[in-house]
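Going left to right, the sequence shown walks through residues 4 to 153 as this note's numbering numbers them.
Using N, Cα and C, we set each Cβ at its ideal position, and we do this for glycine too.
A short write-up of the structure that comes next.
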Amino acid sequence: MSRTQLEMLADLAREARDQAGIALAQERQSEQQTTAQLHSLNRYRAEYAERLQLAMRDGIDPATMYNYQQFLGSLDAALERARDTLAAQQKRVQKRQQHWQQEQRKLSSYDTLTSRRLVAEHRRLERYEQKTNDDLVTSRLARQRNETPQ
């Protein structure tokens, strides 16, 4: 595999990792919004239940009591749906996290290959330079021997 092919693969892997990161961030943001909605719904339900308790303490007619109970039932159903939605969103976040990690590992593999290739190239150049220097020194010594009168 040529160096440019490896660089191209690393660039593609980097782009895939970045795209996976963007998707992960979007899913996390959606999870935060869903969590906030669930908390708001919980607070609203608690406040409404407290109002029912106050109304019951002060005295409440059966029709109003029925309406409170029906509405609390609706809130409970909405809370259950919100919990289900949050659980599904958390699974999506986990899946995106795993995908991002997979893309990061792929990129790391290419980076490792690139580093190894650079180290090997650097060693090859060092050996070439050393050989060239050795050849120059050997040539110079040979010329000096030939030039010196015996």
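Notebook entry, point to check: Using the C-alpha atoms, what's the distance from ALA123 back to ARG31?
Noted result: 42 Å
Next item on the list: Would you mind working out which of GLU129, VAL140, TYR113, LEU128 sits nearest THR7, comparing C-alpha positions?
Entry: TYR113
Check: How big is the Cα-Cα spacing for ASN136 and LEU116?
Finding: 30 Å
Check: With a CB to CB cut of under 6 Å and the five nearest residues on each side skipped, what residues in its chain are close to ARG20?
Finding: GLU106, GLN107, LEU110
Next item on the list: Determine contact between the stretch 57 to 73 and the stretch 88 to 99, defined as no fewer than three beta-carbon pairs at a distance below 8 Å.
Entry: no
Note to self: Ignoring anything shorter than 3 residues, give me the beta strand (DSSP E) runs that lie fully in the stretch 29 to 69, in order along the chain.
What the structure shows: none
Item checked: ALA23 versus THR88: straight-line alpha-carbon distance, rounded -> 22 Å
Checklist line | the stretch 76 to 94 contacting the stretch 42 to 59, beta-carbon criterion three pairs below 8 Å | finding: yes
Notebook entry, point to check: Under a three-way DSSP split, which group does THR141 fall into?
Noted result: helix
Checklist line | Rounded C-alpha distance that separates SER43 from ARG120 | finding: 55 Å
Next item on the list: May I ask you to report which of helix, strand or coil DSSP gives THR151?
Entry: coil
Margin query: If the criterion is Cβ atoms closer than 8 Å, does the pair ALA52 and LEU75 meet it?
Written below: yes
Check: Distance, Cα to Cα, LEU144 vs LEU128?
Finding: 24 Å
Notebook entry, point to check: Around the Cβ of LEU27, are there at least 16 other Cβ atoms within 10 angstroms (buried) or fewer (exposed)?
Noted result: buried
Next item on the list: Please check the pair GLN93 and GLU34, which I expect to be a contact at CB under 8 Å, by giving their CB distance rounded to whole angstroms.
Entry: 6 Å
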